[in-house]
Amino acid sequence: MIKKLLLFILLCQFGYAQHTERFIALVSELEGTPLDSITLFYKVNTVEWKGPAIQYCYMKKPYETYTGEWTHYDRKGNKISTVVFGLYGNVLTFVTYNKDGWISSESVTYELDTTAKNLTEFFESNGHLLFKRKERTYRYDKALQKRYLYQEGENWNGKKRGVWKTYAADGTVVKEKQYS
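According to the working numbering, the stretch in the sequence shown is residues 408 to 587, in order.
In structure tokens:
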């Protein structure tokens, strides 16, 4: 119970960092109740996803959402990705791993907003979410025997934005492309 409370307090501190004032105003009256860890299984009874959740009650209707760190596994039990969800189920960080366990990509949300008019719309759809993320992909160079940053840029609401840079294994920029 103490671990759940500490996780909840930490998420409260971390969870608001990216939210706009409009987002915070909409959810400001919500009070959540942490739930036990949830485990989702493949049909073959191996773990697919595992992580915590939180429940909110609005207009006497319960809404559950993922929160905290979730881990995704393949059917053999290897970690595929980790996702950190904010207090309201929004993706804050997303990291994928290759078959050897190396990080192959990472995404960090630095701004979250919403166009939802009310909490019912907020909980019952995702079309209202607006987000900005910094994304990086990595590759492994066999000759140098090291992982390196291959590409980085920003993603706004699922679309590339600004300058995206592509790098060679030695760290030099080999391509820059502007997205609007």
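Cβ coordinates follow ideal geometry from the N, Cα and C atoms, glycine included.
Asked                                                                                                                                                   : Found
On the premise that G439 lies in contact with P459, defined as a C-beta separation below 8 Å, what is that separation, rounded to the nearest angstrom? : Wrong, their Cβ atoms sit about 11 Å apart, outside the cutoff.
When you compare only the Cα positions, how much space is there between R532 and N562?                                                                  : Note that residue 532 is Ser in the sequence shown, not Arg. Taking the straight line from one Cα to the other gives about 21 Å.
Below 8 Å on the Cβ atoms is my guess for I461 versus L494; work out the distance and round it to an integer in Å.                                      : 7 Å
Quick one, are the C-beta atoms of N564 and F529 less than 8 Å apart?                                                                                   : no
Quick one: what does DSSP say V502 is sitting in, helix, strand or coil?                                                                                : strand
Write down the C-beta distance between T446 and K457 rounded to the nearest angstrom, noting that I regard them as a contact closer than 8 Å.           : 5 Å
What three-state label does DSSP hand R482 in the structure shown?                                                                                      : coil
Kindly identify the DSSP beta-bridge partner or partners of V490.                                                                                       : W477 and F501
Beta-carbon within less than 7 Å of Y557's beta-carbon, same chain only, minus the 5 sequence neighbours each way: which residues are those?            : T544, Y545, R546, T573 and Y574
Would you kindly work out how many angstroms separate the C-alpha atoms of K584 and K541, rounded to a whole number?                                    : 15 Å
According to DSSP, simplified to helix, strand and coil, what is G569?                                                                                  : strand
Rounding to the nearest angstrom, what Cα-Cα distance links R568 and E559 in this structure?                                                            : 11 Å
Check the DSSP bridge columns for R520 and list the partner residues they point to.                                                                     : Going by the sequence as given, residue 520 is Asp instead of Arg. Per DSSP, L537.
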